[in-house]
Amino acid sequence: MKTQPSTPNRPHLAVTLGDPAGIGPEVILKALADPAIAQNCQITLVGSRKLLQGCYQQLKSQTAIADPEAFPILDIDLNQEAIALGTGNAASGGASFAYMQEAIARTLAGDYQAIVTGPIAKTCWKAAGHPYPGQTELLAESAQIKRFGMLFVAKSPHSHWTLRTLLATTHIPLRQVPDALTPELLTWKLDLLIECLRQDFGIETPRIAISGLNPHSGENGQLGTEEKDWLIPWIKQQQNIHPQAIIDGPIPPDTLWVKPGQAWFGTATNAHDAYLALYHDQGLIPVKLMAFDKAVNTTIGLPFIRTSPDHGTAFDIAGQGIADCASMKSALWLAAELGSQRMIGGESKTLQSK
Ligand SMILES: NC(=O)C1=CN([C@@H]2O[C@H](COP(=O)(O)OP(=O)(O)OC[C@H]3O[C@@H](n4cnc5c(N)ncnc54)[C@H](O)[C@@H]3O)[C@@H](O)[C@H]2O)C=CC1
Ligand SMILES: NCC(=O)COP(=O)(O)O
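Structural data, given as structure tokens:
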């Protein structure tokens with residue numbers, strides 16, 4: 001295994017390949033073709049060396065792609081013959097699960113400051129006998145953390161404004177959402193968000209917008225009662241508990257995204273520092289509309305940094321060389337930035353040559 005020089009404040013990132021039948025290896029090697037990334041952090045690739053080599057050899061004549069041998073590789077070569085690009089199955093799910101287990105164990109042992117994960121398919125994990133809703137839940141369980149959150153971070157290339165969206169509930173059926181949403185759940189999600197904004201983004205006096213659940217936030221109970229019954233009183237209570245913050249809401253879910261949309265394109269300057277969406281698609285439809293090629297999925301509440309691109313395994317285009325690596329690049333940048341910040345234990349620091 002080759003090693004890279006260890007430089008102060010240059011965090012060490014474990015980068016898992018994700019599902020080997022998907023676009024994870026391709027977007028990772030494409031992203032690492034930008035030399036600025038490795039200037040700001042140390043990278044160890046976690047996954048099959050053979051697969052990385054195959055990806056590199058296949059694509060090197062048609063696109064800018066890094067030679068995987070330029071990085072240390074934790075080689076995990078599982079069931080290679082049963083894995084076919086574009087077809088996720090139990091073998092590919094078992095492999096991506098093993099990559100994650102290795103990265104998590106070594107990160108918990110102190111080898112890495114951050115894990116950047118390639119996308120996995122939940123169905124393939126299930127087929128391999130690992131029925132987790134996602135990587136987020138595996139990370140939290142392994143770190144023995146009960147309170148964690150899925151926060152999407154995207155920096156606008158138009159205005160440089162940063163969109164931050166926390167999901168209050170994540171991978172559960174829509175039908176279960178109203179019952180899962182409770183004042184207790186929202187209280188600790190909001191606490192996590194406020195702490196993350198302070199620690200990782202240097203925002204001591206955050207402005208946070210909270211979505212309603214029902215159309216028009218229930219229209220005073222006529223279109224749904226959750227807002228009237230508990231969400232409005234809960235927000236008032238939280239405003240008293242967090243006097244340093246401004247907590248707005250419940251904002252009708254359709255209009256909540258107008259201001260961030262304008263801020264993204266540079267036509268508004270007074271958008272909030274973060275948005276709390278009550279369920280997966282309420283938050284991720286606007287995030288992906290604005291920033292599919294930019295957004296980073298981060299897990300907050302863990303004892304280490306975790307980032308990931310916002311997209312999935314894209315089995316439909318795997319092996320074609322056409323996958324866009326921009327979201328993976330953003331995930332690597334953000335992990336390096338947050339890692340170096342936490343290492344110096346200080347204020348927000350923006351990396352060079354971004
Ligand atoms: N962080 C993670 O591990 C995530 C995993 N997934 C998983 O991915 C699998 C597939 O999910 P889908 O809903 O189909 O979402 P997807 O993001 O994999 O694909 C949706 C569409 O976007 C395209 N696309 C995705 N990433 C792209 C890229 N980098 N460049 C160009 N085109 C790209 C795909 O070709 C497809 O047409 C599921 O099993 C899901 O669980 C989904 C989201 C995140
Ligand atoms: N839609 C977001 C998503 O699927 C993220 O999943 P994971 O990071 O928990 O694997």
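Residue 227 in the UniProt record's numbering is what sits at position 227 of the sequence shown, and the numbering runs on without skipping anything. Note that beta-carbon positions come from the ideal geometry of N, C-alpha and C, so glycine has one too. Note that the structure is predicted; figures quoted are calculated from it, not measured.
In the pairwise beta carbon analysis, the stretch 282 to 289 is classified as not touching the stretch 91 to 108: fewer than three pairs are separated by under 8 Å.
For S156, the CB contacts under 6 Å within the same chain, skipping 5 residues up- and downstream, are W264 in chain order. Here A21 is near T87, since their CB atoms are less than 8 Å apart. The DSSP-derived three-state label of T136 is helix. With respect to the 8 Å criterion, L276 and I210 are classified as neighbours on the basis of their beta carbons. Taking non-hydrogen atoms of ligand 2 into account, the C-beta of T16 is found less than 7 Å away from none of them.
Boundaries of the beta strand (DSSP E) harbouring K155: G149 to K155, taken from the DSSP string. In the displayed model, A127 falls within a helix according to three-state DSSP. L197 sits close to D273, with the two beta carbons spaced by under 8 Å. Cα atoms of L166 and W125: separation of roughly 25 Å, rounded to the nearest angstrom. Every residue whose beta carbon comes nearer than 5 Å to a heavy atom of ligand 1 appears here in chain order: P119, I120, A121, K122, S308, H311, G312, T313, A314, D316, I317, A323 and D324. DSSP places T269 in the coil class of the three-state scheme, outside both helix and strand. In the three-state reduction of the DSSP assignment, D254 falls in the coil class, being assigned neither a helical nor a strand state.
Closest option to A84, judged by alpha-carbon separation, among P250, D19, D179 and Q39: D19. For G93, the uninterrupted alpha helix (DSSP H) segment begins and ends at A90 to L108.
When distances are taken from the beta-carbon of L284 to the heavy atoms of ligand 2, the shortest one is below 7 Å.
In this structure, T136 lies near T299, with their beta-carbon atoms less than 8 Å apart. Contact between N40 and A336 holds, with the beta-carbon distance rounding to 5 Å and staying under 8 Å. The residue among E195, I120 and F71 with its C-alpha nearest the C-alpha of G93 is I120. The closest heavy atom of ligand 2 lies 7 Å or more from the beta carbon of N214. In the structure shown, T299 falls within a strand segment according to DSSP collapsed to helix, strand and coil. Beta-bridge partners of S211 (DSSP): I251. Relative to ligand 2, Q101 has its C-beta separated by 7 Å or more from all heavy atoms.
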